[in-house]
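Trainee:
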Amino acid sequence: MNQFEEGFIFGAATAAYQAEGAVTVGGKGKTYWDDYLEAQGVFDPSTASDFYHKYPEDLSLCQQFGINGIRISIAWSRIFPEGTGEPNQQGVEFYHGLIDECLKNKVEPFVTLHHFDTPEALYQKGDWLSKEMVEAYVAFASFCFKEYASKVSYWITINEPWSVVAGQYIIGHFPPNIKYDITKAIQSMHNMLVGHARVVKVFKEHKYPGEIGIVHILESKYPIDDQLSSAQAAKNEHIVANQFLLDGTFKGSYQADTMAIINDVLKKNNGTLETTPEEFEVLALAAEELDFLGINYYASHFLAAYDGESHIHHNGSGEKGSSIFALKGIGERVNNPTIPATDWDWPIYPQGLLDMLVEISQRYPNYHKMYVTENGMGDKDVLENGTVSDDNRIDYVFLHLEAIQQAISQGVNVQGYFMWSLMDVFSWTNGYNKRYGLFYIDFATQTRYPKKSAHWFNSVSRSQKLIS
Ligand code: BG6
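According to this note's numbering, the sequence shown is numbered sequentially starting from 2.
So, in structure tokens, the structure goes:
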């Protein structure tokens, strides 16, 4: 029972902006984070984990520690500094070098085309709310396929549309820092799905080798008690954050039960969703052709009804108990005292991953292949004697891998697991103090130290067996 099938990938994940650093090196253009973070003056992303220079060392660590898959993303503004126009050859060469190094070390690269880092020039034009952005994204993706498809077997169109729009338009901790605008959030998710679908179409039309998928963050939503109104709140958040995207991805249209809630939420927020028949045509086509789904899972949420105005406080400091997340027309996330949580108030609930995997395979039975593309535990790690005794993280990952094994035994086809993150990286809204890596980084010297979890993960990967 605790054995994984041969070929199951034990990988780790990174994202360009969070790992590479070198934000002004090699002709790279700005993303929408650069000026914003500089103006805030709280977190400096300019060096991050220095993956830009250190990737040979990091890939060699992967090989040594049994990590046989890696998620990397291509920084769009490294290839097209202004988002469109002439490619920057130094950026193009950088990703050739990085991909070659993955292959040399027998670490399968899963390459993401958009991981939260829209180029500044396109952000100024409205980001995913503008049609120009979608066109530019299709051109960027087409360029990447032409350039790298001969050596990349797994492509990911977009990372976590929900997190992008929640950050930009609901929580307001991603630029443009708009709060509680659920209408913009839903519209932007739709546009991202259209961008994704058009890119899948290009990939399939050109018959590139390899597979293409999308990554969604999919966290289960439960009622906090047995009141009907709590059940409704859980359903509302599930539909807005999960099912809307899953329907668009896998069915190519939003089903009646989804639209009933979406329309209700839009009405309560005085909004509408704009779509065209052509968009649904391409969504349907991509739904047919998509090869896999990537699921990012960290936490589940427990909800109660909420009648007031939207009210959110983001816990970005690790001060336990400081989160508030209450949305008009949806519901309120409440603390469940029976479930442990991280210092950032993320409930640790592996059952939520199992439930989600089963639910997806039941609602979308035409889709069989999934990867857990991110899972991990953010913590305030302490380096002692050259390592970190991160037993909490090992327990966390163990329980989530166990949930995956249970899902597999119920017939769900999960083919791999990527820990977030390979090494400690820059966290968009929490800086450097919230660490997830298998390798600890001393950010002053950029030295890597394997944590206890890296040794444990190595033995799980090499034996393909879940051992505690
Ligand atoms: C995922 C993102 O949502 O969660 C990553 O894909 C992110 O980019 C990770 O870093 C962890 O989130 P956070 O806010 O703790 O850094």
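Where is the CB? At the ideal position from N, CA and C, for every residue including glycine.
1. Where DSSP assigns a beta bridge to Q416, which residues make up the other side?
2. To which residues of the same chain is V203 closer than 6 Å at the C-beta, ignoring the five residues directly before and after it?
3. Would you say the beta carbon of Q188 is closer than 7 Å to some non-hydrogen atom of the ligand BG6?
4. For the stretch 404-451, which segments carrying the beta strand (DSSP E) assignment without a break, of at least 3 residues, lie completely within its bounds, in sequence order?
5. Please say whether A305 and I225 have beta carbons closer to each other than 8 Å?
6. Give the straight-line distance between the Cα atoms of A58 and V373, rounded to the nearest whole angstrom.
7. May I ask you to report which of helix, strand or coil DSSP gives H191?
8. Does the beta carbon of K435 fall short of 7 Å from some heavy atom of the ligand BG6?
9. Below 6 Å CB to CB, which residues in the same chain sit around G432 once its five sequence neighbours on both sides are set aside?
10. Just to confirm the assignment: which complete alpha helix (DSSP H) runs, minimum length 4, are found wholly within the stretch 60-122?
11. Keeping to the same chain, check which residues put their C-beta closer than 6 Å to that of A137; ignore five residues upstream and five downstream.
12. Return the bridge partner residues of W380 from the DSSP annotation.
13. Compare the Cα-Cα distances from K180 to each of I313, T343, I409, P451 and report the closest residue.
14. With distance defined between alpha-carbon atoms, name the residue in I361, K252, N237 nearest to G332.
15. Quick one: give me the first and last residue of the alpha helix (DSSP H) that N459 is part of.
16. Do Y159 and H197 have their C-beta atoms closer together than 8 Å?
17. Which same chain residues end up closer than 8 Å to V335 when comparing Cβ atoms and leaving out the 5 residues on each side of it in sequence?
18. Is it the case that the CB of N178 approaches a heavy atom of the ligand BG6 more closely than 7 Å?
19. Is there at least one non-hydrogen atom of the ligand BG6 closer than 7 Å to the beta-carbon of N297?
20. If distances are taken between C-alpha atoms only, which option among Y441, K466, I468, T446 comes closest to L62?
21. State the DSSP-derived secondary structure class of K31, mapped to helix, strand or coil.
22. For Y155, which residues of its own chain have a beta-carbon under 6 Å away from its beta-carbon, when the five flanking residues on both sides are left out?
23. Tell me, to the nearest whole angstrom, how far the beta carbon of D396 is from that of S221; I am working on the premise that it is less than 8 Å.
24. How is Q352 classed by DSSP in three states: helix, strand or coil?
25. Give the DSSP-derived three-state secondary structure of K236 in the structure shown.
26. Here's the rule I'm using: 16 or more other beta-carbon atoms within 10 Å means buried, otherwise exposed. How should I157 be labelled?
27. Are there 16 or more other CB atoms within 10 angstroms of the CB of G417, so buried, or fewer, so exposed?
28. I need the boundaries of the beta strand (DSSP E) containing T259, first residue and last residue.
29. Could you check what DSSP says for F251 in three-state terms: helix, strand or coil?
30. Between F66 and the rest of its own chain, which residues show a CB-CB distance below 6 Å, the 5 nearest in sequence each way excluded?
31. The ligand BG6 and N160: does any heavy atom of the ligand fall closer than 7 Å to the residue's C-beta?
32. May I ask you to list the residues that DSSP assigns as paired with M371?
33. When you compare each of P366, S428, R79, A14 to D380 by their alpha carbons, which one comes out closest?
34. Give the range of the beta strand (DSSP E) segment to which V216 is assigned.
35. Give every residue of the same chain whose Cβ lies closer than 7 Å to the Cβ of L130, excluding the five residues on either side of it in the sequence, and list them in chain order.
Mentor: A quick look at the data gives this:
1. Sequence index remark: in the sequence shown, residue 416 carries index 415 (1-based). Answer by DSSP bridge pairing: none, since Q416 is not bridged.
2. The residue given as residue 203 occupies position 202 in the sequence shown. Within the same chain, V203 has close Cβ partners S143.
3. Residue mapping note: residue 188 aligns to position 187 of the sequence shown, counting from 1. Flag unset: Cβ of Q188 not near the ligand BG6.
4. 415-421, 440-443, 448-451
5. Along the sequence shown, read from residue 1 onward, the residue named residue 225 stands at position 224. Along the sequence shown, read from residue 1 onward, the residue named residue 305 stands at position 304. It is a contact, given that the beta carbons lie within the stated cut-off.
6. Position 57 of the sequence shown, counting from 1, holds the residue named residue 58. Position 372 of the sequence shown, counting from 1, holds the residue named residue 373. Position check: residue 58 holds Glu in this sequence, whereas Ala was assumed. Taking the straight line from one Cα to the other gives about 25 Å.
7. Here the question's residue 191 lines up with position 190 in the sequence shown. It is helical.
8. On the sequence shown, residue 435 is found 434 positions in, with the first residue counted as 1. Yes, the beta carbon of K435 sits closer than 7 Å to at least one heavy atom of the ligand BG6.
9. What you label residue 432 is simply residue 431 of the sequence shown in a count that begins at 1. So the list reads F44, once near-sequence residues are dropped.
10. 77-80, 90-105
11. Numbered from its first residue, the sequence shown carries residue 137 at position 136. Within the same chain, A137 has close Cβ partners G84, T85, L123.
12. Translated into positions along the sequence shown, residue 380 becomes position 379. Per the sequence shown, residue 380 should be read as Asp rather than Trp. Answer by DSSP bridge pairing, in chain order: R436.
13. Indexing the sequence shown from 1 puts residue 180 at position 179. The candidate whose alpha carbon is nearest that of K180 is I313.
14. Locating residue 332 in the sequence shown gives position 331, counting from the first residue. The option with the nearest alpha carbon to G332 is N237.
15. In the sequence shown, residue 459 corresponds to position 458, counting from 1. Residues 453-464.
16. For the purposes of this step, residue 159 is taken as residue 158 along the sequence shown, with counting starting at 1. For the purposes of this step, residue 197 is taken as residue 196 along the sequence shown, with counting starting at 1. In the sequence as displayed, the identity of residue 159 is Ile instead of Tyr. Yes, Cβ-Cβ distance for I159 and H197 is below 8 Å.
17. Counted from its first residue, the sequence shown places residue 335 at position 334. Here the set comprises I225, F303, L304, A305.
18. Stepping through the sequence shown from its first residue, residue 178 is reached at position 177. Not so, every heavy atom of the ligand BG6 lies at least 7 Å from the Cβ.
19. Your numbering for residue 297 matches position 296 in the sequence shown. Result yes, Cβ under 7 Å from the ligand BG6.
20. Sequence index remark: in the sequence shown, residue 62 carries index 61 (1-based). Closest by alpha carbon: Y441.
21. Taking the first residue of the sequence shown as 1, we reach residue 31 at position 30. Coil at K31, not helix or strand.
22. By one-based count along the sequence shown, residue 155 stands at place 154. F111, E212, listed in sequence order.
23. Within the sequence shown, the letter at position 395 stands for residue 396. Within the sequence shown, the letter at position 220 stands for residue 221. Actually they do not touch by this definition, with Cβ atoms about 20 Å apart.
24. If you number the sequence shown from 1, residue 352 lands on position 351. Here Q352 sits in helix by DSSP.
25. Locating residue 236 in the sequence shown gives position 235, where the first residue counts as 1. Residue state, collapsed to three classes: helix.
26. On the sequence shown, residue 157 is found 156 positions in, with the first residue counted as 1. Its Cβ being crowded by 16 or more others within 10 Å, I157 is buried.
27. Here residue 417 refers to the residue found at position 416 when the sequence shown is read from its first residue. Buried is the call here.
28. Position 258 of the sequence shown holds residue 259. Not the beta strand (DSSP E): T259 falls in the alpha helix (DSSP H), residues 257-269.
29. Here the question's residue 251 lines up with position 250 in the sequence shown. Correct three-state label for F251: helix.
30. Locating residue 66 in the sequence shown gives position 65, counting from the first residue. Hits under 6 Å: A455, N459.
31. Walking along the sequence shown from the start, residue 160 turns up at place 159. Correct: N160 has its Cβ closer than 7 Å to the ligand BG6.
32. Start at 1 with the first residue of the sequence shown, and residue 371 comes out as number 370. In the DSSP output, where bridge partners are listed per residue, M371 has L294, V415.
33. Start at 1 with the first residue of the sequence shown, and residue 380 comes out as number 379. Among P366, S428, R79, A14, the Cα nearest to that of D380 is on S428.
34. Your numbering for residue 216 matches position 215 in the sequence shown. Looking at the DSSP string, the run of the beta strand (DSSP E) that includes V216 is 212-218.
35. Numbered from its first residue, the sequence shown carries residue 130 at position 129. Closer than 7 Å at the Cβ level, and outside the excluded window around L130, lie K185, Q188, S189, N192.
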